[in-house]
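Each residue of the sequence shown is one higher than the last, beginning at 41 in the working numbering.
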Amino acid sequence: MEKSINAKELIAKRYGKEGSKEREEFREGAFSYYFGEIIKNRRKELHMTQENLAEKVGKKRPYISRIENGEDIQLSNFALLANALGLSIKLTAE
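Here's what the structure looks like:
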């Protein structure tokens, strides 16, 4: 019978301990992927093509594709896309 492993252990095993360079690179990539998925899912909910969204925000379609595929995005561009898709960004103190 295999030993079960929790998510924190799995991430540490694959990407290193918290604070390590490998772990930070993984975390940054995960956030970029997550934000790309939000943009893509909302765009599809609105029945927009990548081209439609690109035109709406003054960008080119390949840029939208790269964002949706997890390329890092500047906060200003994320806000621009969120606004065009009727999304809001909420910042809270922890």
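Ideal Cβ positions, reconstructed from N, Cα and C, are used throughout, including at glycine. Quick caveat, the model's predicted, so the values are computed rather than measured.
For the stretch 52-94, not one full-length beta strand (DSSP E) segment reaches 3 residues or more.
For N109, the secondary structure class from DSSP, reduced to helix, strand or coil, is coil.
Across the structure, K61 and L120 are spaced so that their CA atoms are roughly 30 Å apart. Counting of Cβ neighbours within 10 angstroms places F71 among the exposed residues, the total staying below 16. Pairing Q114 with I104 gives a Cβ-Cβ distance that is not under 7 Å.
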